[in-house]
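Undergrad:
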Amino acid sequence: MSNKINYIPVYKKSSDPTSVWYHFLKADTGDSAKCKTCEKVIKCAGGTTTGLRSHSRLHNISLDSERLASEVARETAGTSKRKNDNSLLESPVSAKNFRMTDYFSQSNRSLYVMVSRMTALDGMPYRAFTESEDLKHLFKKAGYKLPTSANTIKDVTIKFYDKTKKNLIKEIQELKDEGHKFSVSIDEWTSSRNRRYMNVNLHCAFFKG
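Here my numbering is used: the first residue of the sequence shown is 4, the next is one more, and so on.
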C-alpha cells in the first residue's frame, strides 16, 4: 500500500487572496500543508494555521495587511470619517480634498504597505518618494498616487511598524501561553551606510518570524 500524501487546494479558500490557504496546499490527511512558493511542508495538526502564517512572512506575504490598513486608517483619521472607502487600485483619487487616509487600501499590496517595506527593508529615504520623478512615474503607472510630503511617508511607515509590532507581540504571547518553547540566536550586520546592527532572532516550531 502506498503512503504517499497528496496536497490539494482547499475548496473555496484557495481562491481567496486574504486566506492563508491561497498560498498553501493542504494534505489529504489534514495534518500538514505545502507552501506553494517553496514547497516546504508545514505541520498544521488540529487545523491550526499559526505555523503557516509565520512561514508566509519568510516570503514577505503579509496576511494581516488588510486588518492593519483598516486599523491604521481609523487611527490616523481620528474622529473624521471617510465617505468613500475605495482602494487606490480600483479608482484614482482626486488631488482635491485628498487626505492621508486615502493612501491606505484594503490589500496586502497597498501603497502604504509597499512604501513601508521599501523604507524599512531596502533603506530608501522618505524624500526619495517625493523627489524622484522616476519613482513617482512608476507608482503612477501602477495606479498609485504617492504622498507629496516626506513627513507623511515617515508617519505612514511608523504607524505600520507600530501595528505590526503589536501583532507580533500578541502572537508570541499566544504561543507562550500555549506552552511552546523558544530559542534565541543573535547575528550582527553592517548596512550600506556603514551602520552596524544586531539582530535578535526568535525561533519556535510554530513561529518563524
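C-beta atoms are modelled at their ideal positions from N, C-alpha and C, and glycine is treated no differently. These numbers were taken from a predicted model, which means no experiment stands behind them.
Distance, Cα to Cα, His26 vs Lys7?
TA: Distance between the alpha carbons of His26 and Lys7 is about 22 Å.
Undergrad: Identify, in the order they occur along the chain, each residue of the same chain with its Cβ nearer than 6 Å to the Cβ of Pro95, setting aside the five sequence neighbours on each side.
TA: Only weak support is given to the placement of Pro95: the predicted model assigns it a pLDDT of 41, under 50, and the value that follows is read from those uncertain coordinates. Once the five neighbours on either side are set aside, Pro95 has no close Cβ partner at all.
Undergrad: Rounded to a whole number of angstroms, what is the C-alpha to C-alpha distance between His206 and Glu136?
TA: Distance between the alpha carbons of His206 and Glu136 is about 42 Å.
Undergrad: Do you know how far the Cα of Ser57 is from the Cα of Ile226?
TA: Absent from the model: residue 226. The displayed extent of the chain is 4 to 212, so no value can be given.
Undergrad: Going by the CB atoms, is the gap between Lys157 and Tyr129 shorter than 8 Å?
TA: It is a contact, given that the beta carbons lie within the stated cut-off.
Undergrad: Among the candidates Phe209, Pro20, Thr40, Val13, whose CA atom is the shortest distance from the CA of Asp180?
TA: When only C-alpha atoms are compared, the closest one is Phe209.
Undergrad: Have a look at Gly50, Ser17, Leu114, Met201 and flag the residue whose alpha-carbon is nearest the alpha-carbon of Thr155.
TA: Checking every option, the nearest Cα to that of Thr155 belongs to Leu114.
Undergrad: Rounded to the nearest angstrom, what separates Ser35 and Lys166 at their Cα positions?
TA: Approximately 30 Å between the Cα atoms of the pair.
Undergrad: Would Val116 pass as a contact of Phe163 if the rule is Cβ separation under 8 Å?
TA: It is a contact, given that the beta carbons lie within the stated cut-off.
Undergrad: Beta-carbon within less than 7 Å of Ser1's beta-carbon, same chain only, minus the 5 sequence neighbours each way: which residues are those?
TA: Because the chain in this structure spans residues 4 to 212, residue 1 falls outside the shown range and cannot be described.
Undergrad: Going along the chain, which residues of its own chain have a beta-carbon closer than 6 Å to the beta-carbon of Lys16, five neighbours each way excluded?
TA: Result list for Lys16: Ser22, Trp24, in chain order.
Undergrad: Helix, strand or coil for Ile156, going by three-state DSSP, please let me know.
TA: Three-state result, Ile156: helix.
Undergrad: Across which residues does DSSP place Glu136 in a beta bridge pair?
TA: For Glu136, which the question treats as bridged, DSSP gives no partner whatsoever.
Undergrad: How should Leu28 be labelled, buried or exposed, when 16 other C-beta atoms within 10 angstroms of its C-beta is the threshold for buried?
TA: So Leu28 ends up on the buried side.
Undergrad: Please list, in chain order, all residues of the same chain as His62 whose beta carbon is under 6 Å from its beta carbon, the five residues on each side excluded.
TA: Correct list, in chain order: Thr40.
Undergrad: Quick one: give me the first and last residue of the alpha helix (DSSP H) that Thr53 is part of.
TA: Segment 53 to 59, the alpha helix (DSSP H) holding Thr53.
Undergrad: Report the three-state DSSP secondary structure of Leu124 (helix, strand or coil).
TA: Three-state result, Leu124: coil.
Undergrad: Asp31: which of Met201, Val13, Ser18 sits nearest, CA to CA?
TA: Among Met201, Val13, Ser18, the Cα nearest to that of Asp31 is on Val13.
Undergrad: Whole angstroms is fine: what's the gap from Val159's alpha carbon to Lys173's?
TA: C-alpha separation (whole angstroms): 21 Å.
Undergrad: Might you give, ordered along the chain, the residues of its own chain that have their beta carbon closer than 6 Å to the beta carbon of Ser186, omitting 5 neighbours on each side?
TA: The residues are His206.
Undergrad: CA-CA distance, Ser195 and Ala48?
TA: Distance between the alpha carbons of Ser195 and Ala48: 43 Å.
Undergrad: Compare the Cα-Cα distances from Gly126 to each of Lys43, Thr52, Asn197 and report the closest residue.
TA: Answer by Cα proximity: Asn197.
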